[in-house]
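Asks: Before I ask anything, here is the structure I am working with.
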């Protein structure tokens with residue numbers, strides 16, 4: 001119904017009870033829906049004719065395709081339910097509370113509208129499912145087939161690329177191993193063999209310590225634990241503080257052996273900074289720190305070196321008790337000097 005016709009109808013005084021008025025309104029809504037649907041069908045037919053003239057018989061089966069997605073259909077259903085709720089609320093308000101018969105008639109009419117809408121929605125859902133099933137049975141469309149083909153090609157390229165990278169890395173490892181074989185034993189291998197020979201004569205073997213900058217202090221900690229001292233695993237932090245404090249209090253015994261940036265002896269300020277780094281960072285330690293720890297712990301310390309012509313280093317001979325024993329490695333890691341601990345070799349009978 002056009003707007004003008006609606007205005008004329010609204011201007012007329014409708015006769016009959018509330019139910020008669022509601023029935024007329026429902027009939028008017030249906031007439032408007034029929035006109036709207038006819039207009040849509042005509043436009044849709046014109047569009048289909050144009051498509052068929054352009055594409056020929058390729059789109060003969062397009063009518064079987066759903067015209068809206070499932071999500072859009074569900075949204076439309078929600079809108080129609082809301083619209084019906086508003087309409088039925090208006091219908092209920094049009095009846096006087098004292099008019100029991102009119103009220104019952106309105107309720108029956110509302111129930112009928114709700115049932116009709118529910119049945120139509122159910123049918124649309126079922127029809128949509130049938131169309132989707134038919135579409136799945138017919139297989140993927142040309143567009144979907146091309147998209148899958150592109151995805152497969154991309155996946156195959158990625159697999160080949162990864163395989164080539166793995167092969168390249170494996171080839172590099174083979175080349176490195178071959179070069180090592182051609183070069184013979186490395187400095188690290190030679191050093192380890194010499195250290196092993198020296199320790200086996202003393203019935204000892206290397207106990208590896210992590211190369212994290214705290215190796216000297218961690219090796220001392222392991223030795224203290226092996227000798228029965230009750231110290232925590234993180235005791236290397238306390239050892240750093242002890243070494244730094246002893247060196248700072250006895251700077252005349254340590255500062256002359258430390259060079260500043262210019263190659264001269266460290267100034268007092270530079271030496272204090274060195275002590276701060278020793279206490280609070282993971283900077284590497286050496287013989288000066290070992291000397292400080294020997295005096296602080298009041299224990300002798302023996303540092304085994306791999307070189308046969310180089311004597312082992314001993315500190316704190318004036319102290320009694322079992323010595324702390326560690327090993328010094330010049331070529332253990334690419335970063336430079338390293339300290340490990342030792343453990344006794346247990347005879348297996």
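Numbering (full-length UniProt numbering), first residue to last: 1 to 349.
Glycine is no exception: its CB is placed at the ideal position from the N, C-alpha and C atoms.
1) With residue 328 as the anchor, note down where its beta strand (DSSP E) starts and where it stops.
2) Starting from residue 85, trace the alpha helix (DSSP H) both ways and give me its first and last residue.
3) Out of 161, 268, 98, which one is the CA nearest neighbour of residue 249?
4) I'd like to check one pair, residue 113 with residue 151: are the Cβ atoms closer than 8 Å?
5) Kindly indicate which three-state DSSP category residue 142 falls into: helix, strand or coil?
6) How would you call residue 338, buried or exposed, if buried means at least 16 neighbouring beta carbons within 10 angstroms?
7) Is it right to say residue 220 is buried, meaning 16 or more other beta carbons lie within 10 angstroms of its own, or is it exposed?
8) Just checking, does the stretch 297-306 make contact with the stretch 271-283 on the three C-beta pairs under 8 Å criterion?
9) Can we count residue 114 as close to the ligand MN, meaning its CB is less than 7 Å from some heavy atom?
10) According to DSSP, is residue 256 helix, strand or coil?
11) Are at least three pairs of beta-carbons, each pair with one atom in the stretch 217-236 and one in the stretch 244-262, less than 8 Å apart?
12) For the beta strand (DSSP E) that contains residue 340, what are its first and last residues?
13) For a quick check, are the C-beta atoms of residue 310 and residue 205 less than 8 Å apart?
14) Per DSSP, which one or two residues make a beta bridge with residue 315?
15) Rounded to whole angstroms, what's the CA-CA distance from residue 110 to residue 69? Just pull it up for me.
16) Is the CB-CB distance between residue 194 and residue 306 below 8 Å?
17) Measuring CA to CA, which of 312, 318, 291, 331 is closest to residue 198?
18) Out of 75, 142, 144, 252, which one is the CA nearest neighbour of residue 121?
19) Below 8 Å on the Cβ atoms is my guess for residue 315 versus residue 294; work out the distance and round it to an integer in Å.
20) Starting from residue 190, trace the alpha helix (DSSP H) in both directions and tell me its first and last residue.
21) Go through its chain and collect everything with a Cβ distance to residue 215's Cβ below 6 Å, but skip five positions before and after it.
22) Compute the Euclidean distance between the alpha carbons of residue 273 and residue 260, then round it to the nearest angstrom.
23) Whole angstroms is fine: what's the gap from residue 326's alpha carbon to residue 265's?
Replies: Considering the structure as presented:
1) As a working mapping, residue 328 is identified with position 328 in the chain shown. Counting along the chain, the beta strand (DSSP E) containing residue 328 begins and ends at 324-333.
2) By 1-based counting over the chain shown, the position of residue 85 is 85. Segment 70-93, the alpha helix (DSSP H) holding residue 85.
3) Numbered from its first residue, the chain shown carries residue 249 at position 249. Of the listed residues, the one whose Cα sits closest to residue 249 is 268.
4) In the chain shown, residue 151 corresponds to position 151, counting from 1. In the chain shown, residue 113 corresponds to position 113, counting from 1. No, the Cβ-Cβ distance between residue 151 and residue 113 is not below 8 Å.
5) Stepping through the chain shown from its first residue, residue 142 is reached at position 142. Reduced to three states, the DSSP call for residue 142 is helix.
6) Taking the chain shown and counting its residues from 1, the one referred to as residue 338 is at position 338. Buried: at least 16 other Cβ atoms inside 10 Å.
7) On the chain shown, residue 220 is found 220 positions in, with the first residue counted as 1. When all chains shown are included, residue 220 counts as buried.
8) no
9) As presented, the structure is devoid of all ligands, the ligand MN included, so that no description of it is given.
10) On the chain shown, residue 256 is found 256 positions in, with the first residue counted as 1. Of the three classes helix, strand and coil, the one that applies to residue 256 here is helix, per DSSP.
11) no
12) Within the chain shown, the letter at position 340 stands for residue 340. 336-344 is the span of the beta strand (DSSP E), which, as asked, contains residue 340.
13) In the chain shown, counting from the first residue as 1, residue 310 sits at position 310. In the chain shown, counting from the first residue as 1, residue 205 sits at position 205. Cβ distance not < 8 Å, so residue 310 and residue 205 don't count as in contact.
14) Your numbering for residue 315 matches position 315 in the chain shown. Answer is 301.
15) Counting from one through the chain shown, the residue named residue 110 turns up at place 110. Counting from one through the chain shown, the residue named residue 69 turns up at place 69. Answer to the nearest angstrom: the Cα atoms are 29 Å apart.
16) Residue 194 sits at position 194 when you count from the first residue of the chain shown. Residue 306 sits at position 306 when you count from the first residue of the chain shown. Yes.
17) For the purposes of this step, residue 198 is taken as the residue at position 198 of the chain shown. Residue 198 has its Cα closest to that of 312, out of 312, 318, 291, 331.
18) In the chain shown, residue 121 corresponds to position 121, counting from 1. Among 75, 142, 144, 252, the Cα nearest to that of residue 121 is on 75.
19) Taking the chain shown and counting its residues from 1, the one referred to as residue 315 is at position 315. Taking the chain shown and counting its residues from 1, the one referred to as residue 294 is at position 294. With a Cβ gap of about 4 Å, residue 315 and residue 294 count as contacting.
20) Translated into the one-based positions of the chain shown, residue 190 becomes position 190. 187-200 is the span of the alpha helix (DSSP H), which, as asked, contains residue 190.
21) Taking the chain shown and counting its residues from 1, the one referred to as residue 215 is at position 215. Counting only Cβ-Cβ distances below 6 Å, and skipping sequence neighbours, we find 209, 338, 339.
22) The residue labelled residue 273 in the question sits at position 273 within the chain shown. The residue labelled residue 260 in the question sits at position 260 within the chain shown. Looking at the two C-alpha atoms, the distance is approximately 11 Å.
23) To locate residue 326, count along the chain shown from 1; it is residue 326. To locate residue 265, count along the chain shown from 1; it is residue 265. Going by the C-alpha atoms only, they are around 29 Å apart.
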